[in-house]
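Right, one structure below, let's go through it.
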């Protein structure tokens, strides 16, 4: 096991009918900005419950945070926060709204060029303060409700923003708020959570038994939950498990003391930025082909994954690995998430654009080993095409 | 899944050679009291490293915190803290030292009768402040390094003290500090961590898949690690896994949204208080017999435990449950931890004393169902005798 630090201060408030507790969770006297996306939080009544929960505090609203939240949109929120001297941010929505709110929290008090906040990769930007933020999570997927990361779209790219100052103070996770989600978002969420686990688990072995077994447990849970929660949108138990699986997949617990990959995410981000492919879909396209090309580097963990997650113990090692890759692809497809780039109407020439974008963004040495260059990324994408 | 709140702010500093970081972890200018037990932290050089790590801060020491830390001993530390206006507590040791330090943290600023702090069971006592504390954990077992609980011995009983104010600010977990532990303490630690998981897992099913699978993962890890770490005391990887298993067993993560039992602990505490049986040993005595008598209430989870932890899928349900109980007992015995009350030189009449003590301490409605009374506790102990 590698040395590690773990500290996650977010207070999780999990369960049905807990929005009324906002009154005790948000500081008394806070001037609150509620941030959300489109109309669904209004349409399904979530916003009304949030506003009621905030009681007699001064509350402003900022709507229109889009999927893959855009820097320009978020800067409007930053201006509002500065002009109105807002002192608490409450995100109501999915990963994009939560991520966007984290950017606003970091950017509002920042005196430099706020675009610079996006230029530090996985390292924290040089900030020593951020507005306090919290979330009401309505879409289980990204884990943003219990981590310090965000991904922000800027000038045609997707950029991480990570800082310990950006942990939500609390996150309300009410599985029943997800009943009204469109199936495609639920399916994407299952894939997103699944691949979050894979990026921290299918690397090279360092003997981290608790982390490995917990990762395998979340994967098995998602395999069980995925089809059930799609077939029965109001099955509370399934949605509760999906929600807690997604949070647990990226709250740091399975990622301590082990190598991380994230190359599927980095290539996937370019597919989203260039072609508007949903984040979960982009991962479903890249992941199976990634593994085909990284069998040597990931051999031991792929075999462990095959055996412990899919019970594949027959045949030689290569056959088991191939079967595990195909089971993974079939799982994504069974949720209705297509796994070929051509399924999304992208021309084969689009691969050139992805490679150019990876180069422009410095994504030239990906993977847990830092040895995945542009040439190999191209092969992975070609393989993923059809 | 049941509704839950989860918030664990402890900063874990895990790995080799990290005591030098104490200088950045402990507030500058703090007046620090270092609390420890007997001479082993001195003998093996841990104390010297801690003192070096604390740099030029004013540091006082309090030694002599015994296993099952005594109220009277701890009150001496409280007096020292008050007299010297100590403002930061650093526990260096195992569960007893960490638990004792938590009591000192709560008691030092408490203006009432400090014994009253022990009269609230699992509910927090009415305190609104506690001294900041941190730990350097040298014995993987109790999880105290990452939770808000303590167990304190007072007037012949063992009493819980729980408060969110008592989470360590940080805990340094260096597996190499455990190399010098006596084997009996390591074996007890494995059993303690194992039973911590069981108390939160073998109850009744509520469909909490991530918690269940994580619990099963920790159990499987402990089954693998136990014999290896005893046979190879300086096997860093095994000790690292044991340490993180023990912490993960009781940092709240597997316990959210599920019922808790703790009756094995409550009966075990009386065995320790009355007969001086080590805590881990007391659990090894009670657990197998507890299950024999609670098959009906725990049936579904015992079957799940049998299948997923011990791969027991043959035979009828009762046979699988019985086999799982016997495998558990055999696992404890394989570590050198005896599982019969008579193994510890207790007379059969001692059982009467245990029942009297349970009654005196109000332990008359134990278990996740609150239906385990004194009559049944007696049967469990009689069954556990020989």
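Residue numbers (the working numbering), protein chains in the order written: chain A, -4 to 381; chain B, -4 to 381. Don't be surprised by glycine CBs; every beta carbon is placed ideally from N, CA and C. Here the structure is a predicted model, which means the values were calculated and not measured.
Exposure label - residue i; buried when at least 16 CB within 10 Å
i, result
"residue 255 of chain A", "exposed"
"residue 101 of chain B", "buried"
"residue 306 of chain A", "exposed"
"residue 90 of chain B", "buried"
"residue 293 of chain A", "buried"
"residue 248 of chain B", "buried"
"residue 329 of chain A", "exposed"
"residue 313 of chain A", "exposed"
"residue 170 of chain A", "buried"
"residue 88 of chain B", "buried"
"residue 114 of chain A", "exposed"
"residue 224 of chain A", "buried"
"residue 106 of chain A", "exposed"
"residue 177 of chain A", "exposed"
Top-ranked residue by Cα proximity to residue i, from the options
i, options, result
"residue 238 of chain B", "B:11, B:-2, B:103, B:211", "B:11"
"residue 52 of chain A", "A:77, A:9, A:24, A:37", "A:24"
"residue 4 of chain A", "A:133, A:246, A:57, A:154", "A:246"
"residue 366 of chain A", "A:313, A:311, A:320, A:288", "A:288"
"residue 37 of chain B", "B:103, B:26, B:59, B:317", "B:59"
"residue 315 of chain A", "A:135, A:298, A:340", "A:298"
"residue 62 of chain A", "A:220, A:1, A:94, A:222", "A:94"
"residue 386 of chain A", "A:117, A:260, A:133, A:251", "This structure cannot settle anything about residue 386 of chain A, because the visible part of chain A is limited to -4 through 381."
"residue 438 of chain B", "B:301, B:370, B:-3", "Only positions -4 to 381 of chain B appear in the structure, and residue 438 of chain B is not among them; the question remains open."
"residue 85 of chain A", "A:39, A:353, A:32, A:235", "A:32"
"residue 368 of chain B", "B:381, B:349, B:380", "B:349"
"residue 49 of chain A", "A:34, A:19, A:69, A:71", "A:19"
"residue 304 of chain A", "A:218, A:152, A:332, A:97", "A:218"
"residue 262 of chain A", "A:40, A:176, A:277", "A:277"
"residue 228 of chain A", "A:7, A:310, A:134, A:0", "A:134"
"residue 200 of chain A", "A:26, A:309, A:250, A:39", "A:250"
"residue 128 of chain B", "B:378, B:142, B:375, B:268", "B:142"
"residue 140 of chain B", "B:57, B:162, B:172", "B:162"
"residue 338 of chain A", "A:310, A:380, A:344", "A:380"
"residue 126 of chain A", "A:103, A:273, A:291", "A:103"
"residue 382 of chain B", "B:122, B:123, B:109, B:117", "Since the displayed chain B opens at -4 and closes at 381, residue 382 of chain B lies outside it and no answer follows."
Residue range of the unbroken alpha helix (DSSP H) whose run includes residue i
i, result
"residue 370 of chain A", "369 to 380"
"residue 42 of chain A", "41 to 48"
"residue 220 of chain A", "204 to 226"
"residue 280 of chain A", "274 to 288"
"residue 327 of chain A", "312 to 329"
"residue 17 of chain B", "17 to 20"
"residue 147 of chain B", "Where residue 147 of chain B is concerned, there is no enclosing alpha helix (DSSP H), although the beta strand (DSSP E) it sits in stretches over 144 to 149."
"residue 178 of chain B", "178 to 196"
"residue 240 of chain B", "231 to 244"
"residue 76 of chain B", "66 to 79"
"residue 302 of chain B", "294 to 305"
"residue 253 of chain B", "From DSSP, residue 253 of chain B is part of no alpha helix (DSSP H); its letter is neither H nor E."
"residue 36 of chain A", "35 to 38"
"residue 332 of chain B", "It is not in any alpha helix (DSSP H) - residue 332 of chain B carries neither H nor E in the DSSP assignment."
Limits of the beta strand (DSSP E) - the one that residue i falls within
i, result
"residue 5 of chain A", "-1 to 9"
"residue 130 of chain A", "128 to 132"
"residue 83 of chain B", "83 to 88"
"residue 157 of chain A", "152 to 157"
"residue 162 of chain B", "No beta strand (DSSP E) holds residue 162 of chain B; DSSP gives it neither H nor E."
"residue 56 of chain A", "54 to 57"
"residue 28 of chain A", "27 to 31"
Contact list for residue i against chain A, beta-carbon separation under 7 Å
i, result
"residue 243 of chain B", "205"
Neighbour flag for residue i against chain D, beta carbons, 8 Å
i, result
"residue 213 of chain B", "Among the protein chains of the structure shown, namely A and B, there is no chain D."
Chain A contact residues for residue i, given Cβ-Cβ distances below 8 Å
i, result
"residue -2 of chain B", "9, 10, 11, 13"
Amino acids of chain B, ordered along the chain, whose beta-carbon sits closer than 7 Å to that of residue i
i, result
"residue 216 of chain A", "204, 205, 208"
"residue 309 of chain A", "Per Cβ cutoff of 7 Å: no residues; residue 309 of chain A is ~17 Å from chain B at best."
Cβ-heavy atom distance, residue i to the ligand ATP, below 7 Å
i, result
"residue 74 of chain B", "With respect to the ligand ATP, the structure offers nothing, as it holds no ligand at all."
Proximal residues of chain A, C-beta to C-beta of residue i below 9 Å
i, result
"residue 220 of chain B", "204"
Within chain B, the residues that residue i reaches when beta carbons sit closer than 8 Å
i, result
"residue 1 of chain A", "6, 7, 9"
Residues in the stretch 223 to 243 of chain A having any Cβ partner in chain B nearer than 8 Å: Considering only beta carbons, the part of the stretch 223 to 243 of chain A lying closer than 8 Å to chain B consists of 232, 235, 236, 239, 240, 243, in chain order.
Contact list for the stretch 243 to 261 of chain B against chain A, Cβ threshold 8 Å: 243, 248, 251, 252
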